[in-house]
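Q: The structure is given below, and queries will be raised subsequently.
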Amino acid sequence: MRVLLAMVGQELAESDKLDPEARRNARREATLLVAAVLDVSPGELSRRLDTLPSPKERAAIGNAARRRSRGEPLAYAVGVAAFRDLVLHVDARVLIPRPETEIVVDVVLALTAGRAGGLAVDIGTGSGAIALALATEGHFDTVWGTDVSLDALAVAETNRRLLPASAAPVNFACGTDFAPLPQQLARVIVSNPPYIAFDEAAALPASVRDWEPPLALFAADRGMARYEVLLAGAASHLEPDGWIVLEVDSRRATETATRASHYGFADIRLVKDLSDRDRVLVARCIAT
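The sequence shown begins at 1 in my numbering and counts up one residue at a time.
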């Protein structure tokens, strides 16, 4: 295993398709890649360095290394991504879950900790990351995830089948925004919508711009279009005193909060990420 790991590291370090940071950290990338293919932790891998990989393992690692060396994101190359306590199947049909999005789940769990039950809704669920995390860590009766992409929902359904029996029931539905939802009002509506303006595409890392689905990345109205739709429609689908929780672009966080106020939400606040950037909008639907 030690020799194979070194070969993967060298292949990645010499790739002209990877950005400089990835090449500089080729050893770490190789460790993460091999560990993911073998479905072990990096720590467990370090204890197996003197073992001989099987032909099947060598083939799988070689395939993932070739894909990564061509510039494909690591998560796509190995087919999985970690999100909180979950290991999710991912491919080019869905956005790769980010650590920042885990903060969205933290916020929702804190808001709803005082009372069990109710419905949680994830608009634009993609791989199902947020919806499935809420189903496993929260105390909801039901969780719904919606997406306009049937391809994305196929990935989400694959991940749903991995949930433990203790998780809340999860339903995925295809459709625009709130259209696929049941008549039941939600305790919380969550979304990590596309929020990059089209003219900002050139500034994105190639591993994002050239590989991840544009539908999950870009929005019109300078990146604000999806926020406008969600804030305009959320109140009619929320319980009185229910919450909307949105991942936001830090550059547009203040404007998003202003729009939430325009649509009558209260207790509006912005939650920062670990880089001290505004990352999550929280707003309460005023009881009527």
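We treat Cβ as the ideally placed atom computed from N, Cα and C, and that holds for glycine.
What three-state label does DSSP hand residue 20 in the structure shown?
A: In this structure, residue 20 counts as helix in the three-state DSSP scheme.
Q: From this set, 212, 246, 47, 215, which residue's C-alpha is nearest residue 188's C-alpha?
A: Measuring from the Cα of residue 188, the nearest candidate turns out to be 246.
Q: Closest to residue 4 by CA distance: which of 52, 43, 241, 141 is it?
A: Ranking 52, 43, 241, 141 by Cα distance to residue 4 puts 52 first.
Q: Under the rule that 16 or more other beta-carbon atoms within 10 Å means buried, what is residue 262, buried or exposed?
A: Exposed is the call here.
Q: Can you tell me the Cα-Cα spacing of residue 16 and residue 29, whole angstroms?
A: Cα-Cα distance, rounded: 15 Å.
Q: Enumerate, from N- to C-terminal direction, the unbroken beta strand (DSSP E) stretches of 3 or more residues contained entirely within the region 158 to 209.
A: Runs of the beta strand (DSSP E) inside the region 158 to 209: 170 to 174, 186 to 191.
Q: Pull up the distance between the alpha-carbon of residue 153 and that of residue 89, whole angstroms please.
A: Their Cα atoms are separated by approximately 12 Å.
Q: Using DSSP's beta-bridge definition, name the partner residues of residue 142.
A: Bridge partners of residue 142: 119.
Q: Could you give the uninterrupted runs of the beta strand (DSSP E) lying entirely in the region 33 to 93, keeping only those of 3 residues or more?
A: If we require 3 residues or more, the beta strand (DSSP E) runs fully inside the region 33 to 93 come out as 80 to 83, 86 to 89.
Q: Quick check on the DSSP output: what are the complete beta strand (DSSP E) runs of length 3 or more inside the region 211 to 264, in order along the chain?
A: Listed in chain order, they are 238 to 247.
Q: Among 22, 138, 224, 124, which one has its Cα closest to the Cα of residue 258?
A: For residue 258, the nearest C-alpha among the options comes from 224.
Q: Excluding sequence positions up to five away, which residues of its chain have a Cβ less than 6 Å from the Cβ of residue 217?
A: Within the same chain, residue 217 has close Cβ partners 194, 196.
Q: Candidates 233, 38, 170, 202: which alpha carbon is nearest residue 136's?
A: The shortest Cα separation from residue 136 among 233, 38, 170, 202 belongs to 170.
Q: Whole angstroms is fine: what's the gap from residue 100's alpha carbon to residue 279's?
A: Each residue's alpha carbon lies about 7 Å from the other.
Q: Taking the alpha-carbon positions, what's the residue 163 to residue 150 distance?
A: For residue 163 and residue 150, the distance between alpha carbons rounds to 20 Å.
Q: Could you check whether residue 227 and residue 256 sit closer than 8 Å to each other, using their CB atoms as the reference points?
A: Yes, the Cβ-Cβ distance between residue 256 and residue 227 is below 8 Å.
Q: Give me the Cβ distance between residue 144 and residue 181, rounded to the nearest whole Å; I'm assuming they're in contact under 8 Å.
A: With a Cβ gap of about 6 Å, residue 144 and residue 181 count as contacting.
Q: Could you tell me the boundaries of the alpha helix (DSSP H) in which residue 2 lies?
A: 2 to 13 is the span of the alpha helix (DSSP H), which, as asked, contains residue 2.
Q: Taking C-alpha atoms, which residue in 34, 21, 19 lies nearest to residue 2?
A: Closest option to residue 2, Cα to Cα, is 34.
Q: Please classify residue 240 as buried or exposed, where buried requires at least 16 neighbouring CB atoms within 10 angstroms.
A: Exposed is the call here.
Q: Tell me the rounded alpha-carbon separation between residue 221 and residue 248.
A: Those two C-alpha atoms are separated by around 14 Å.
Q: Out of 74, 134, 119, which has the shortest C-alpha to C-alpha gap to residue 166?
A: Nearest C-alpha to residue 166: 134.
Q: Would you kindly work out how many angstroms separate the C-alpha atoms of residue 45 and residue 31, rounded to a whole number?
A: The alpha-carbon atoms of residue 45 and residue 31 are separated by roughly 8 Å.
Q: Relative to the alpha-carbon of residue 128, which residue among 192, 232, 42, 274 has its alpha-carbon at the smallest distance?
A: Comparing Cα positions, the closest option is 192.
Q: When you compare each of 266, 264, 130, 141 to residue 147 by their alpha carbons, which one comes out closest?
A: Ranking 266, 264, 130, 141 by Cα distance to residue 147 puts 130 first.
Q: Going straight from the alpha carbon of residue 93 to that of residue 126, what length do you get?
A: Straight-line Cα distance between these residues: approximately 8 Å.
Q: Closer than 6 Å by C-beta to residue 64: which residues in its own chain qualify, once you throw out the five before and the five after it? Chain order, please.
A: Result list for residue 64: 33, 37, 77, 78, in chain order.
Q: CB-CB under 7 Å to residue 26, same chain, minus the five flanking residues each way: which ones, in chain order?
A: If we look at residue 26 and ignore the five residues flanking it on each side, its Cβ neighbours are 9, 12, 13.
Q: The beta strand (DSSP E) that contains residue 271, what's its start and end?
A: Its beta strand (DSSP E) spans residues 266 to 272.
Q: Apart from the five residues on each side of it in sequence, which residues of its chain come closer than 6 Å, Cβ to Cβ, to residue 250?
A: Around residue 250: 277, 278.
Q: Taking 8 Å as the limit between beta carbons, can you name the residues of its chain near residue 172, skipping five residues before and five after?
A: Cβ within range, chain order: 125, 128, 131, 144, 145, 146, 147, 153, 156, 157, 160.
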